[in-house]
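Colleague: Sharing a structure, written as structure tokens. Questions coming.
Numbering (this note's numbering), first residue to last: 903 to 1194.
As structure tokens, this is what we get:
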């Protein structure tokens, strides 16, 4: 049976004004992780948040969330390395280094992400999420120190070029697994590849040309979540779903849990002759330590 890795992105920067069920605290994160595990996910991706929902870089938050997830499940745990413009790379390096047990994986954004916020009083504000070469190099070296596996995340062909550069420079091995990410649509403010079928096939053909042995998980954002998700499933790739990417289900009703998105992915996968990979199987497919 063809196995599919389902990765649940539990919160990101999603606000509760969009869905009150978004988890922020470590205990809420762990409860959501267990629901997703039971529904068929093999990986969970998490962002630290304050009790009020602001972005956090607190090692103690990650320590507690990881502990609670690992107590209840065998899920692969994946942290973010994204940071807001007012945060330093040292804040990211600190939580990578200071959790008592290293996380399994980190999502490694491989380029700068620019977002032009929605119109307010006729204008937009640009937010740039920094990912310079030196930032990426420092993150990779911190991962090496602790045996953490970077998940190269590509949001456009420029990001993919950066991955190839990092491989040529000896900082990354030839990727065995990547995350291919898309925005919602043209005109949504993100300066990254829009989530259309043409974009999906172009990006994934580029991945195959550069790294023919690699597998990938793909995801859309907001409007393109189910478009990209269906394409990933039907083309034999893997998938990311969850509150970070969308607050509502296919029928636009509010999701009660990240597990609702996982259940959707499982249903579509099984309709296409695919079964959810267990965390152990996902480890083997990605190249993570199986005994972790």
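Where is the CB? At the ideal position from N, CA and C, for every residue including glycine. These numbers come from a predicted model, not from an experiment.
May I ask you to list the residues that DSSP assigns as paired with residue 1118?
Modeller: To locate residue 1118, count along the chain shown from 1; it is residue 216. Residue 1118 pairs with 1080.
Colleague: If you reduce the DSSP assignment to three classes, tell me which class residue 1006 lands in.
Modeller: Stepping through the chain shown from its first residue, residue 1006 is reached at position 104. Residue 1006: coil per DSSP, three-state reduction.
Colleague: Would you mind listing the beta strand (DSSP E) stretches within the segment 923 to 952 that are 3+ residues and don't spill past its ends, in chain order?
Modeller: The segment 923 to 952 contains these whole beta strand (DSSP E) runs: 945 to 948.
Colleague: Residues in its own chain within less than 6 Å of residue 1157 by CB, not counting five upstream and five downstream?
Modeller: Taking the chain shown and counting its residues from 1, the one referred to as residue 1157 is at position 255. Counting only Cβ-Cβ distances below 6 Å, and skipping sequence neighbours, we find 1151.
Colleague: Let me know the secondary structure DSSP gives residue 1194 once reduced to three states.
Modeller: By one-based count along the chain shown, residue 1194 stands at place 292. Note on residue 1194: pLDDT 43, under 50, position unreliable in the model; the coordinate value appears next. Three-state result, residue 1194: coil.
Colleague: Suppose you measure from the CA of residue 1023 to the CA of residue 1048; what does that come to, to the nearest Å?
Modeller: Against the chain shown, residue 1023 aligns to sequence position 121. Against the chain shown, residue 1048 aligns to sequence position 146. Each residue's Cα considered, the two are about 47 Å apart.
Colleague: Pick out whichever of 1188, 1173 and 1160 has its Cα sitting closest to the Cα of residue 940.
Modeller: Position 38 of the chain shown, counted from the start, is the residue given in the question as residue 940. Closest by alpha carbon: 1160.
Colleague: Looking at residue 1133: is its Cβ nearer than 8 Å to the Cβ of residue 1102?
Modeller: One-based indexing of the chain shown puts residue 1133 at position 231. One-based indexing of the chain shown puts residue 1102 at position 200. Going by C-beta atoms, residue 1133 is nearer than 8 Å to residue 1102.
Colleague: Can you say whether residue 918 is buried or exposed, counting buried as having 16 or more other CB atoms within 10 angstroms of its CB?
Modeller: Taking the chain shown and counting its residues from 1, one reaches residue 918 at position 16. Classification for residue 918: exposed.
Colleague: Determine the direct distance from the alpha carbon of residue 1140 to that of residue 1194, and round the result to whole angstroms.
Modeller: Here residue 1194 corresponds to residue number 292 of the chain shown, with the count starting at 1. Here residue 1140 corresponds to residue number 238 of the chain shown, with the count starting at 1. With a pLDDT of only 43 at residue 1194, under 50, the local geometry of the prediction cannot be trusted, and no value is derived from it.
Colleague: Please confirm if the segment 1037 to 1054 is in contact with the segment 1067 to 1074, defined as three or more CB-CB distances below 8 Å between the two stretches.
Modeller: The answer is yes - the segment 1067 to 1074 touches the segment 1037 to 1054, with three or more Cβ pairs under 8 Å.
Colleague: What first and last residue would you give for the alpha helix (DSSP H) that runs through residue 1229?
Modeller: Because residue 1229 is not part of the residues shown, which for the chain are 903 to 1194, the question remains open.
Colleague: With a cut-off of 8 Å, do at least 3 Cβ pairs link the segment 1159 to 1175 to the segment 956 to 972?
Modeller: At 8 Å Cβ cutoff, the stretches do not touch.
Colleague: Would you check if the distance between the CB atom of residue 935 and the CB atom of residue 977 is smaller than 8 Å?
Modeller: To locate residue 935, count along the chain shown from 1; it is residue 33. To locate residue 977, count along the chain shown from 1; it is residue 75. Yes, the pair counts as a contact, with Cβ atoms nearer than the cut-off.
Colleague: If contact is defined by three or more beta carbon pairs under 8 Å, each pair taking one atom from either stretch, is the segment 1012 to 1029 in contact with the segment 1103 to 1120?
Modeller: Output reads no: the segment 1012 to 1029 does not touch the segment 1103 to 1120.
Colleague: My output table needs one value for residue 1113: the three-state DSSP class, helix, strand or coil.
Modeller: Counting from one through the chain shown, the residue named residue 1113 turns up at place 211. In this structure, residue 1113 counts as coil in the three-state DSSP scheme.
Colleague: Can you give me the start and stop residues for the alpha helix (DSSP H) that residue 1066 sits inside?
Modeller: Locating residue 1066 in the chain shown gives position 164, counting from the first residue. From DSSP, the alpha helix (DSSP H) with residue 1066 extends over 1059 to 1070.
Colleague: Taking the C-alpha atoms as reference points, what is the distance between residue 1076 and residue 1113?
Modeller: For the purposes of this step, residue 1076 is taken as the residue at position 174 of the chain shown. For the purposes of this step, residue 1113 is taken as the residue at position 211 of the chain shown. Roughly 7 Å between the two C-alpha positions.
Colleague: Based on DSSP bridge pairs, tell me the residues matched to residue 971.
Modeller: Working through the chain shown from its first residue, we reach residue 971 at position 69. For residue 971, which the question treats as bridged, DSSP gives no partner whatsoever.
Colleague: Using only the alpha-carbon positions, how far apart do residue 909 and residue 946 sit?
Modeller: Against the chain shown, residue 909 aligns to sequence position 7. Against the chain shown, residue 946 aligns to sequence position 44. Using only the alpha carbons, I get a separation of about 6 Å.
Colleague: Smallest Cα separation from residue 1001: which of 980, 1013 and 966?
Modeller: As a first step, residue 1001 must be located in the chain shown, where it is residue number 99. Taking only the C-alpha atoms, the option nearest residue 1001 is 966.
Colleague: Look up residue 1092 in the DSSP assignment and give the residues it is bridged to.
Modeller: Taking the chain shown and counting its residues from 1, one reaches residue 1092 at position 190. Residue 1092 pairs with 1017.
Colleague: Please check the pair residue 942 and residue 1168, which I expect to be a contact at CB under 8 Å, by giving their CB distance rounded to whole angstroms.
Modeller: Position 40 of the chain shown, counting from 1, holds the residue named residue 942. Position 266 of the chain shown, counting from 1, holds the residue named residue 1168. Sure, about 4 Å apart at Cβ, within 8 Å.
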